[in-house]
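Undergrad: Under this note's numbering, the residues of the sequence shown are numbered 3 to 405, in order. Using N, Cα and C, we set each Cβ at its ideal position, and we do this for glycine too. Keep in mind it's a predicted model, so treat the numbers as computed, not measured.
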Amino acid sequence: MIDYKLIETSEQELQENFKHFEDVALFNQEKVLSAFQKNRLALRHFTGTNGYGYGDDGRDTLNLVVADIFKAEKAICSPTIASGTHALSLCLFGILMPGDKAVCITGTPYDTLHDIIYGENIGSLKDYGIEFECINLVDGKIDKNAIKDYFTKNGAPKMVYMQRSRGYEWRNALSIDEIKEGVDTVKELGFDGCIMLDNCYGEFIEKREPTEVGVNLLAGSMIKNLGGGIAPTGGYIAGDERYVTLVQNRLTAPSIGGEVGSYAFGYQYFYQGLFIAPHIVLQAVKGSMLFGKVLEKLGYETSPKTDELPRDIIRAIKFGNDKDLIKFIQNIQRNSPIDSHVDALPWAMPGYVDEVIMAAGCFVQGSSIELSADAPIKPPYIAYMQGGLTYEHCKLALKNLNL
Numbered sequence: 003m004i005d006y007k008l009i010e011t012s013e014q015e016l017q018e019n020f021k022h023f024e025d026v027a028l029f030n031q032e033k034v035l036s037a038f039q040k041n042r043l044a045l046r047h048f049t050g051t052n053g054y055g056y057g058d059d060g061r062d063t064l065n066l067v068v069a070d071i072f073k074a075e076k077a078i079c080s081p082t083i084a085s086g087t088h089a090l091s092l093c094l095f096g097i098l099m100p101g102d103k104a105v106c107i108t109g110t111p112y113d114t115l116h117d118i119i120y121g122e123n124i125g126s127l128k129d130y131g132i133e134f135e136c137i138n139l140v141d142g143k144i145d146k147n148a149i150k151d152y153f154t155k156n157g158a159p160k161m162v163y164m165q166r167s168r169g170y171e172w173r174n175a176l177s178i179d180e181i182k183e184g185v186d187t188v189k190e191l192g193f194d195g196c197i198m199l200d201n202c203y204g205e206f207i208e209k210r211e212p213t214e215v216g217v218n219l220l221a222g223s224m225i226k227n228l229g230g231g232i233a234p235t236g237g238y239i240a241g242d243e244r245y246v247t248l249v250q251n252r253l254t255a256p257s258i259g260g261e262v263g264s265y266a267f268g269y270q271y272f273y274q275g276l277f278i279a280p281h282i283v284l285q286a287v288k289g290s291m292l293f294g295k296v297l298e299k300l301g302y303e304t305s306p307k308t309d310e311l312p313r314d315i316i317r318a319i320k321f322g323n324d325k326d327l328i329k330f331i332q333n334i335q336r337n338s339p340i341d342s343h344v345d346a347l348p349w350a351m352p353g354y355v356d357e358v359i360m361a362a363g364c365f366v367q368g369s370s371i372e373l374s375a376d377a378p379i380k381p382p383y384i385a386y387m388q389g390g391l392t393y394e395h396c397k398l399a400l401k402n403l404n405l
């Protein structure tokens, strides 16, 4: 167990950073409340539908609320989107056609997109004759010169893609200002296509969202930040109407778009989770900062550094060997409210290149806004910890760590 005095001292040293994110949470809570009020939320919007779901007021109003929160022209928030990866895949296949090109200006996308982009004979972008290239970051920053060189040599692609979060990389997530720099860079080169962004883990971390600085299309999961730990499933997509409409056609069919799609269980938990999401994100980011401060004092290297404000809810911790990495992940599992008696073990998880170990003793299976941690079993053996429905739970889990 970790000395509680060390935790309390670290907590006091973080008060200024805590205050920063409390201000952000208050701003975002007002934004969410205003979106609910503007769209005249009522009890009838919680009611489920069946069959085709014609006239599903709960579904349609939820889409309007999400669009308002992101200051976007249109949004999809649907329980039929299975995950963040599914939402991203819908966007890629909704916008890109055979012969099109896309370029990611933030390095290689997250592991679960690898087969979607490069897989063979499985219905990937590559199988459809869609090229997807990557421009690496330099010292964690978007390489403006490399982007200019790419456009000069190859011309403009159909899509410019960005990933906000670190994925399984030792780098900071992108700030909204850095996302804006990427947007401005490609627009200055005359690009007028779709700028798409993977927004997972970054919602409500800042007062602005990427759609407010020129991103045309973004996507994420409802069992991460935006669902507040209550949404039982689902994903979301938001952005320019022309692009979201194309994605909607991919979600259902071009002949019906967003006019159908029922959900018999009702929408209460999506609305409720969305409403409390700014506060839950605050809990998670405060827990992340406390973990970072204490572990740094114990000699561990973590990212973001303790003198940096987090830009998403992920805390990366470098262990240097597989034994200590696995032990940490198992510690997180043992301090979870669900399945605390279970030993997390590495396994060949679908969608990942390396064996992955995951601690996810969550109320919603796989939820990353609940305190959880995962890691690919490969050097330099980095754990990626995220979430925490309450700051108190994060604090208790930290106290009970057996390093």
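Do you know whose CA, among K295, G390, A361, G50, lies nearest E310's CA?
TA: Taking only the C-alpha atoms, the option nearest E310 is K295.
Undergrad: Can the beta-carbon of S209 be found less than 8 Å from the beta-carbon of V34?
TA: Before going on, a small fix: residue 209 reads as Lys here, not Ser. Not in contact: K209 and V34 (Cβ atoms no closer than 8 Å).
Undergrad: Please classify V1: is it buried, with 16 or more other beta-carbons within 10 angstroms of its beta-carbon, or exposed?
TA: Only positions 3 to 405 of the chain appear in this structure, which leaves residue 1 out of reach.
Undergrad: Please state the DSSP three-state secondary structure of M161.
TA: In this structure, M161 counts as strand in the three-state DSSP scheme.
Undergrad: Do the CB positions of G204 and I78 come within less than 8 Å of each other?
TA: Taking 8 Å as the Cβ cut-off, G204 and I78 do not qualify as a contacting pair.
Undergrad: Go ahead and label T154 buried or exposed: buried means 16 or more other beta carbons lie within 10 angstroms of its beta carbon, across all protein chains shown.
TA: Classification of T154: exposed, given that the 10 Å Cβ count is below 16.
Undergrad: Using DSSP bridges, identify the partner residues of G222.
TA: Partner(s): Y238.
Undergrad: In terms of residue numbering, what span does the beta strand (DSSP E) encompassing C106 cover?
TA: That run of the beta strand (DSSP E) goes 103-106.
Undergrad: Figure out for me which residue from I181, P111, F365 has the closest Cα to the Cα of P339.
TA: The shortest Cα separation from P339 among I181, P111, F365 belongs to F365.
Undergrad: Whose C-alpha, out of L276, E183, I316, is nearest the C-alpha of N30?
TA: Checked all of L276, E183, I316; the closest Cα to N30 is L276.
Undergrad: With DSSP collapsed to three states, give me the class of V188.
TA: Helix at V188.
Undergrad: Would you tell me roughly how many angstroms separate the C-alpha atoms of K288 and L300, rounded to the nearest one?
TA: Straight-line Cα distance between these residues: approximately 19 Å.
Undergrad: Using alpha carbons as the reference points, say which of A255, Y273, F23 lies closest to P81.
TA: Here the closest residue by C-alpha is Y273.
Undergrad: In or out: H47 buried (at least 16 other Cβ within 10 Å) or exposed?
TA: That one is buried.
Undergrad: Quick one: Cα of E357 to Cα of T304, how far?
TA: Each residue's alpha carbon lies about 22 Å from the other.
Undergrad: With distances taken Cα to Cα, identify the nearest neighbour of G53 among F267, C93, E13.
TA: Closest by alpha carbon: F267.
Undergrad: Could I get the ranges of all uninterrupted beta strand (DSSP E) runs contained in the segment 81-160, with 3 residues as the minimum, in chain order?
TA: Complete beta strand (DSSP E) runs here, min 3: 103-106, 133-136.
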